[in-house]
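Remarks on the structure that follows.
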Amino acid sequence: MTKKVILDCDPGHDDALALLMAIASNQIDLQAVTTSAGNQQPEKTFNNARKLLSLAKTEFIPVAMGARKPLLRDLIIADDVHGKTGLDGAELPEPTVSPLKTSANDLMAKILRESNEKITFVVTGPMTNMAIFLLSHPELKNKIEAISYMGGACFGGNITPQAEFNIYVDPEAAQIVVDSGVPVYMFGLDVTLKAQLFEKDIQRISEIGNPVADVMTGLLKFFNLTTTQPFMASEGHVEGIHMHDPCAMAYIIDPSMFTMLKKHVEIDTSYSISAGSTVVDYDEVLGKEKNVEVGFDIDLDKFNSLVMETMKYFS
(Lines of atoms letter the chains of each structure in order from A and count residues from 1; the text may use other names and numbers.)
(Lines give C-alpha, C1' and ligand atoms only; values in the text may rest on other atoms or scores of the structure.)
Protein backbone atom coordinates (compact mmCIF):
# COMPACT_ATOMS: atom_id res chain seq x y z
CA MET A 1 0.00 0.00 0.00
CA THR A 2 1.32 3.43 -0.95
CA LYS A 3 2.30 5.55 2.05
CA LYS A 4 1.79 9.30 2.21
CA VAL A 5 5.09 10.86 3.27
CA ILE A 6 6.41 14.28 4.21
CA LEU A 7 10.20 14.53 3.96
CA ASP A 8 11.79 16.97 6.42
CA CYS A 9 15.40 17.49 5.38
CA ASP A 10 18.45 19.75 5.18
CA PRO A 11 19.95 18.92 1.74
CA GLY A 12 22.83 17.74 1.94
CA HIS A 13 24.26 15.07 -0.38
CA ASP A 14 22.68 12.08 1.33
CA ASP A 15 19.41 13.98 1.80
CA ALA A 16 19.37 14.36 -1.98
CA LEU A 17 19.38 10.60 -2.47
CA ALA A 18 16.65 10.15 0.15
CA LEU A 19 14.48 12.68 -1.71
CA LEU A 20 15.05 11.01 -5.07
CA MET A 21 14.21 7.61 -3.55
CA ALA A 22 10.88 8.99 -2.38
CA ILE A 23 10.06 10.42 -5.81
CA ALA A 24 11.01 7.23 -7.63
CA SER A 25 9.31 4.71 -5.34
CA ASN A 26 5.86 3.33 -6.11
CA GLN A 27 5.54 2.70 -2.37
CA ILE A 28 5.54 6.41 -1.54
CA ASP A 29 3.23 9.31 -2.30
CA LEU A 30 5.43 12.30 -1.47
CA GLN A 31 3.12 15.00 -0.13
CA ALA A 32 5.66 17.73 0.60
CA VAL A 33 9.24 18.59 1.42
CA THR A 34 10.09 20.78 4.40
CA THR A 35 13.55 22.07 5.18
CA SER A 36 15.59 23.12 8.17
CA ALA A 37 19.04 24.46 8.84
CA GLY A 38 21.65 21.78 9.45
CA ASN A 39 24.00 20.69 6.72
CA GLN A 40 23.99 24.31 5.58
CA GLN A 41 22.26 27.59 6.36
CA PRO A 42 18.43 27.56 6.03
CA GLU A 43 18.23 29.53 2.79
CA LYS A 44 20.66 27.13 1.14
CA THR A 45 18.95 23.93 2.25
CA PHE A 46 15.58 25.35 1.12
CA ASN A 47 16.92 26.27 -2.30
CA ASN A 48 18.70 22.92 -2.59
CA ALA A 49 15.42 21.08 -2.06
CA ARG A 50 13.78 23.22 -4.73
CA LYS A 51 16.66 22.58 -7.14
CA LEU A 52 16.43 18.83 -6.60
CA LEU A 53 12.71 18.86 -7.39
CA SER A 54 13.47 20.89 -10.50
CA LEU A 55 16.08 18.32 -11.52
CA ALA A 56 13.57 15.50 -10.99
CA LYS A 57 10.84 17.44 -12.85
CA THR A 58 8.58 17.30 -9.80
CA GLU A 59 8.27 20.97 -8.91
CA PHE A 60 4.57 20.40 -8.28
CA ILE A 61 5.58 18.93 -4.89
CA PRO A 62 5.33 21.78 -2.35
CA VAL A 63 8.46 22.86 -0.47
CA ALA A 64 8.38 25.00 2.67
CA MET A 65 11.16 26.43 4.81
CA GLY A 66 11.07 25.63 8.48
CA ALA A 67 13.29 26.37 11.44
CA ARG A 68 16.23 28.70 10.91
CA LYS A 69 17.93 27.56 14.12
CA PRO A 70 17.60 24.93 16.86
CA LEU A 71 15.02 25.32 19.63
CA LEU A 72 17.48 26.54 22.27
CA ARG A 73 21.02 26.33 20.94
CA ASP A 74 23.20 28.16 18.46
CA LEU A 75 23.20 26.70 14.96
CA ILE A 76 26.15 24.69 13.75
CA ILE A 77 26.40 23.52 10.14
CA ALA A 78 28.31 20.80 8.29
CA ASP A 79 29.91 22.86 5.55
CA ASP A 80 33.12 20.89 6.04
CA VAL A 81 31.22 17.83 4.76
CA HIS A 82 28.68 19.24 2.29
CA GLY A 83 30.58 22.26 0.99
CA LYS A 84 29.69 25.93 0.66
CA THR A 85 26.43 25.24 -1.20
CA GLY A 86 25.38 22.17 0.76
CA LEU A 87 25.44 20.22 -2.51
CA ASP A 88 28.95 20.81 -3.79
CA GLY A 89 30.13 18.60 -6.64
CA ALA A 90 27.42 19.14 -9.24
CA GLU A 91 25.47 21.88 -11.00
CA LEU A 92 21.74 21.73 -10.32
CA PRO A 93 19.05 23.52 -12.32
CA GLU A 94 17.55 26.66 -10.86
CA PRO A 95 13.94 26.30 -9.68
CA THR A 96 11.29 27.53 -12.11
CA VAL A 97 8.43 27.70 -9.59
CA SER A 98 8.12 30.59 -7.13
CA PRO A 99 8.88 29.60 -3.53
CA LEU A 100 5.99 29.00 -1.15
CA LYS A 101 5.48 31.72 1.44
CA THR A 102 3.89 29.32 3.94
CA SER A 103 5.98 27.91 6.77
CA ALA A 104 6.92 24.26 7.15
CA ASN A 105 4.78 24.04 10.28
CA ASP A 106 1.70 25.42 8.52
CA LEU A 107 2.21 23.19 5.48
CA MET A 108 2.55 20.09 7.66
CA ALA A 109 -0.64 20.98 9.53
CA LYS A 110 -2.59 21.65 6.33
CA ILE A 111 -1.60 18.30 4.82
CA LEU A 112 -2.49 16.32 7.94
CA ARG A 113 -5.83 18.08 8.39
CA GLU A 114 -6.85 17.46 4.79
CA SER A 115 -5.59 13.88 4.49
CA ASN A 116 -7.94 10.92 4.83
CA GLU A 117 -4.92 8.75 5.63
CA LYS A 118 -2.22 8.97 8.24
CA ILE A 119 1.04 10.65 7.21
CA THR A 120 4.54 9.24 7.71
CA PHE A 121 7.31 11.74 8.39
CA VAL A 122 10.85 10.98 7.25
CA VAL A 123 13.34 13.30 8.95
CA THR A 124 16.90 13.44 7.62
CA GLY A 125 18.13 16.58 9.37
CA PRO A 126 17.88 18.03 12.87
CA MET A 127 14.40 17.40 14.29
CA THR A 128 13.54 21.02 15.03
CA ASN A 129 10.62 21.20 12.57
CA MET A 130 9.19 17.93 13.82
CA ALA A 131 9.37 19.05 17.45
CA ILE A 132 7.75 22.40 16.68
CA PHE A 133 4.93 20.62 14.87
CA LEU A 134 4.33 18.19 17.73
CA LEU A 135 4.26 21.02 20.27
CA SER A 136 2.06 23.37 18.25
CA HIS A 137 -0.44 20.82 16.89
CA PRO A 138 -1.06 18.15 19.53
CA GLU A 139 -4.55 17.66 18.06
CA LEU A 140 -2.97 16.27 14.88
CA LYS A 141 -0.66 13.74 16.52
CA ASN A 142 -3.12 10.94 15.85
CA LYS A 143 -2.81 11.67 12.13
CA ILE A 144 0.89 10.68 12.19
CA GLU A 145 1.56 7.10 11.09
CA ALA A 146 5.21 7.14 12.18
CA ILE A 147 8.38 9.22 12.29
CA SER A 148 11.43 7.64 10.62
CA TYR A 149 14.59 9.61 11.30
CA MET A 150 18.30 9.51 10.62
CA GLY A 151 20.15 10.42 13.76
CA GLY A 152 21.93 9.23 16.86
CA ALA A 153 24.03 6.18 17.63
CA CYS A 154 24.29 3.52 20.29
CA PHE A 155 28.05 3.39 20.15
CA GLY A 156 30.08 6.51 19.33
CA GLY A 157 29.43 9.72 17.43
CA ASN A 158 30.62 11.66 14.39
CA ILE A 159 30.58 15.26 15.63
CA THR A 160 31.76 14.56 19.20
CA PRO A 161 33.01 11.30 20.72
CA GLN A 162 29.43 10.34 21.61
CA ALA A 163 27.05 12.50 19.55
CA GLU A 164 25.81 12.15 15.98
CA PHE A 165 25.46 15.43 14.05
CA ASN A 166 21.68 15.64 13.51
CA ILE A 167 20.92 15.02 17.18
CA TYR A 168 23.78 17.20 18.41
CA VAL A 169 22.45 20.20 16.47
CA ASP A 170 19.13 20.12 18.35
CA PRO A 171 19.02 17.56 21.17
CA GLU A 172 15.98 19.16 22.80
CA ALA A 173 13.98 18.65 19.59
CA ALA A 174 15.09 15.03 19.37
CA GLN A 175 13.97 14.39 22.96
CA ILE A 176 10.52 15.80 22.15
CA VAL A 177 10.23 13.42 19.20
CA VAL A 178 11.26 10.25 21.04
CA ASP A 179 8.93 11.20 23.91
CA SER A 180 5.99 11.90 21.59
CA GLY A 181 4.26 8.53 21.83
CA VAL A 182 4.18 8.32 18.04
CA PRO A 183 5.82 5.21 16.49
CA VAL A 184 9.45 6.22 15.94
CA TYR A 185 12.12 4.49 13.84
CA MET A 186 15.74 5.48 14.45
CA PHE A 187 18.51 5.01 11.91
CA GLY A 188 21.70 5.94 13.69
CA LEU A 189 25.35 5.47 12.87
CA ASP A 190 25.20 1.83 14.01
CA VAL A 191 23.36 1.01 10.79
CA THR A 192 23.99 3.98 8.49
CA LEU A 193 27.75 3.45 8.49
CA LYS A 194 26.98 0.07 6.91
CA ALA A 195 24.93 1.65 4.09
CA GLN A 196 27.87 2.21 1.77
CA LEU A 197 28.36 2.94 -1.90
CA PHE A 198 31.72 2.11 -3.45
CA GLU A 199 33.63 3.31 -6.50
CA LYS A 200 32.08 0.54 -8.58
CA ASP A 201 28.62 1.77 -7.57
CA ILE A 202 29.43 5.35 -8.57
CA GLN A 203 30.67 4.02 -11.91
CA ARG A 204 27.41 2.11 -12.45
CA ILE A 205 25.40 5.24 -11.65
CA SER A 206 27.50 7.30 -14.06
CA GLU A 207 26.76 4.81 -16.84
CA ILE A 208 22.98 5.18 -16.47
CA GLY A 209 23.27 8.40 -18.42
CA ASN A 210 20.26 10.47 -17.39
CA PRO A 211 20.48 14.00 -15.91
CA VAL A 212 19.62 12.85 -12.38
CA ALA A 213 22.23 10.08 -12.43
CA ASP A 214 24.81 12.51 -13.81
CA VAL A 215 24.17 14.96 -10.97
CA MET A 216 24.24 12.17 -8.39
CA THR A 217 27.57 10.96 -9.78
CA GLY A 218 29.08 14.40 -9.16
CA LEU A 219 27.56 14.64 -5.70
CA LEU A 220 28.84 11.21 -4.70
CA LYS A 221 32.35 11.93 -5.96
CA PHE A 222 32.45 15.07 -3.82
CA PHE A 223 30.90 13.32 -0.83
CA ASN A 224 33.51 10.58 -1.13
CA LEU A 225 36.22 13.13 -0.39
CA THR A 226 34.85 13.51 3.14
CA THR A 227 34.59 9.78 3.92
CA THR A 228 36.78 8.80 6.85
CA GLN A 229 38.30 5.43 7.61
CA PRO A 230 36.75 3.57 10.56
CA PHE A 231 38.65 3.43 13.84
CA MET A 232 41.43 0.82 13.73
CA ALA A 233 40.67 -0.14 10.12
CA SER A 234 42.77 -3.02 8.87
CA GLU A 235 45.55 -2.37 6.37
CA GLY A 236 44.14 -2.16 2.86
CA HIS A 237 40.57 -1.61 4.05
CA VAL A 238 38.44 0.37 1.61
CA GLU A 239 35.61 2.34 3.19
CA GLY A 240 32.63 3.21 1.03
CA ILE A 241 30.59 6.41 1.04
CA HIS A 242 28.22 6.45 3.99
CA MET A 243 24.63 6.93 2.83
CA HIS A 244 23.18 7.95 6.18
CA ASP A 245 19.94 9.74 5.33
CA PRO A 246 18.59 7.35 2.69
CA CYS A 247 18.27 4.65 5.37
CA ALA A 248 15.34 6.49 6.96
CA MET A 249 13.55 6.59 3.59
CA ALA A 250 14.58 3.09 2.48
CA TYR A 251 12.93 1.60 5.57
CA ILE A 252 9.57 3.12 4.60
CA ILE A 253 9.99 1.70 1.09
CA ASP A 254 11.14 -1.78 2.16
CA PRO A 255 11.27 -2.56 5.90
CA SER A 256 12.68 -6.03 5.20
CA MET A 257 15.98 -4.34 4.36
CA PHE A 258 16.72 -3.62 8.03
CA THR A 259 17.16 -5.42 11.34
CA MET A 260 15.33 -3.42 14.02
CA LEU A 261 15.16 -3.77 17.81
CA LYS A 262 12.77 -1.85 20.04
CA LYS A 263 14.65 -0.11 22.85
CA HIS A 264 14.29 2.72 25.33
CA VAL A 265 15.93 5.85 23.93
CA GLU A 266 16.73 9.18 25.58
CA ILE A 267 18.75 12.19 24.42
CA ASP A 268 21.42 13.91 26.51
CA THR A 269 20.24 17.54 26.62
CA SER A 270 22.98 18.68 28.99
CA TYR A 271 25.80 21.04 28.07
CA SER A 272 28.46 18.56 29.13
CA ILE A 273 31.02 16.61 27.12
CA SER A 274 28.29 14.12 26.22
CA ALA A 275 25.77 16.73 25.04
CA GLY A 276 23.63 15.54 22.15
CA SER A 277 24.46 11.89 22.60
CA THR A 278 21.73 9.29 22.14
CA VAL A 279 21.33 6.97 25.10
CA VAL A 280 20.01 3.60 23.91
CA ASP A 281 19.25 1.13 26.68
CA TYR A 282 20.59 -1.74 24.63
CA ASP A 283 20.80 -4.22 27.53
CA GLU A 284 17.49 -3.02 29.02
CA VAL A 285 18.97 -2.20 32.42
CA LEU A 286 16.74 0.84 33.07
CA GLY A 287 13.44 -1.00 32.91
CA LYS A 288 11.82 1.92 31.07
CA GLU A 289 9.29 1.78 28.25
CA LYS A 290 10.71 0.83 24.86
CA ASN A 291 9.84 3.90 22.81
CA VAL A 292 11.92 3.61 19.63
CA GLU A 293 12.54 0.96 16.98
CA VAL A 294 16.31 1.16 16.47
CA GLY A 295 18.06 0.04 13.28
CA PHE A 296 21.14 -2.12 13.75
CA ASP A 297 21.79 -3.90 10.45
CA ILE A 298 21.05 -3.53 6.74
CA ASP A 299 20.89 -5.81 3.71
CA LEU A 300 23.44 -3.95 1.61
CA ASP A 301 22.55 -5.77 -1.60
CA LYS A 302 18.92 -4.69 -1.27
CA PHE A 303 19.97 -1.15 -0.43
CA ASN A 304 22.28 -0.86 -3.42
CA SER A 305 19.60 -2.31 -5.69
CA LEU A 306 17.20 0.37 -4.46
CA VAL A 307 19.76 3.07 -5.23
CA MET A 308 20.19 1.78 -8.78
CA GLU A 309 16.44 1.45 -9.31
CA THR A 310 16.05 5.04 -8.12
CA MET A 311 18.60 6.34 -10.60
CA LYS A 312 17.14 4.36 -13.52
CA TYR A 313 13.64 5.66 -12.76
CA PHE A 314 14.61 9.06 -14.13
CA SER A 315 15.67 7.74 -17.57
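Going from the sequence shown to the working numbering is simple: count from 1 and add 2.
No residue lacks a Cβ here, since even glycine has one placed at the ideal position from N, Cα and C.
So for residue i, helix, strand or coil by DSSP?
i: Y273; result: coil
i: V125; result: strand
i: E45; result: helix
i: E209; result: coil
i: A66; result: strand
i: S150; result: strand
i: H139; result: coil
i: F260; result: strand
i: Q198; result: strand
i: V7; result: strand
Alpha carbon to alpha carbon, how far is residue i from residue j?
i: D12; j: D285; result: 33 Å
i: S138; j: E295; result: 25 Å
i: T271; j: G85; result: 28 Å
i: D108; j: V184; result: 20 Å
i: S56; j: T98; result: 7 Å
i: L73; j: A176; result: 10 Å
i: G297; j: I146; result: 20 Å
i: E166; j: Q42; result: 16 Å
i: A66; j: D10; result: 9 Å
i: K53; j: E241; result: 30 Å
i: K223; j: L142; result: 41 Å
i: A92; j: N212; result: 14 Å
i: R115; j: N28; result: 24 Å
i: T87; j: A155; result: 27 Å
i: S105; j: I8; result: 14 Å
i: F189; j: M152; result: 5 Å
i: T36; j: M310; result: 25 Å
i: I30; j: T4; result: 5 Å
State the CB to CB distance for the pair residue i and residue j, rounded to an integer number of angstroms; the pair is presumed to be in contact (CB under 8 Å).
i: G127; j: D16; result: Not quite, the Cβ-Cβ distance comes to about 10 Å (not below 8 Å), so this is no contact.
i: L32; j: I78; result: So it is not a contact: roughly 29 Å between Cβ atoms.
i: G14; j: T47; result: 7 Å
i: I210; j: S317; result: 7 Å
i: I178; j: L136; result: 6 Å
i: S100; j: K6; result: Not really, about 25 Å apart at Cβ, beyond 8 Å.
Going along the chain, which residues of its own chain have a beta-carbon closer than 6 Å to the beta-carbon of residue i, five neighbours each way excluded?
i: Q164; result: S276, S279
i: E150; result: It should be pointed out that residue 150 corresponds to Ser in this sequence rather than to Glu. These residues qualify, in order along the chain: V124, Y187, A250, Y253, I254.
i: N49; result: none
i: V83; result: T228
i: A215; result: I207, M313
i: T261; result: F298, D299
i: Y315; result: A26
Out of the options, which one is the CA nearest neighbour of residue i?
i: V124; options: I269, M110, N118, E116; result: M110
i: I243; options: K265, K103, E201, M129; result: E201
i: A51; options: E96, D82, K86, A69; result: E96
i: I121; options: A148, I134, K103; result: A148
i: G40; options: S208, R206, F224, I169; result: I169
i: R206; options: A250, L9, I25, T312; result: T312
i: M218; options: D81, E119, N160, A20; result: A20
i: V193; options: F225, C249, S100, A175; result: C249
i: M23; options: M251, K264, K265; result: M251
i: D263; options: Y273, E241, I300; result: Note on identity: in this sequence residue 263 is Leu, with Asp being the wrong assignment. That would be I300, whose Cα lies nearest to the Cα of L263.
i: A58; options: I178, T87, A26; result: A26
i: I113; options: D247, A34, Y315, N160; result: A34
i: A197; options: P44, E93, D247; result: D247
i: L102; options: E45, L89, V214, M152; result: E45
i: N306; options: N28, E119, N118, L199; result: L199
i: S274; options: T162, I204, L191, M310; result: T162
i: L195; options: V179, N160, L136; result: N160
i: G289; options: M245, E268, L302; result: E268
i: D144; options: M152, L308, E119; result: Checking the displayed sequence, the identity of residue 144 turns out to be Asn instead of Asp. For N144, the nearest C-alpha among the options comes from E119.
In its own chain, which residues sit with a C-beta less than 8 Å from the C-beta of residue i, not counting the 5 before and 5 after it?
i: D181; result: N293
i: L94; result: N50, K53, L54, S56, L57, V217
With a threshold of 7 Å on Cβ separation, who are the neighbours of residue i within its own chain once the five nearest residues in sequence on each side are excluded?
i: K304; result: D256, M259
i: D172; result: P72, L73, R75, P128, M129, T130
i: K265; result: V282, D283, Y284, K292, V294, V296
i: A69; result: S38, A39, T130, N131, I134
i: D90; result: H84, F224
Following a CB-centred definition, is residue i positioned closer than 6 Å to any heavy atom of the ligand PLP?
i: V184; result: Ligands displayed in this structure: none; no statement on the ligand PLP is therefore possible.
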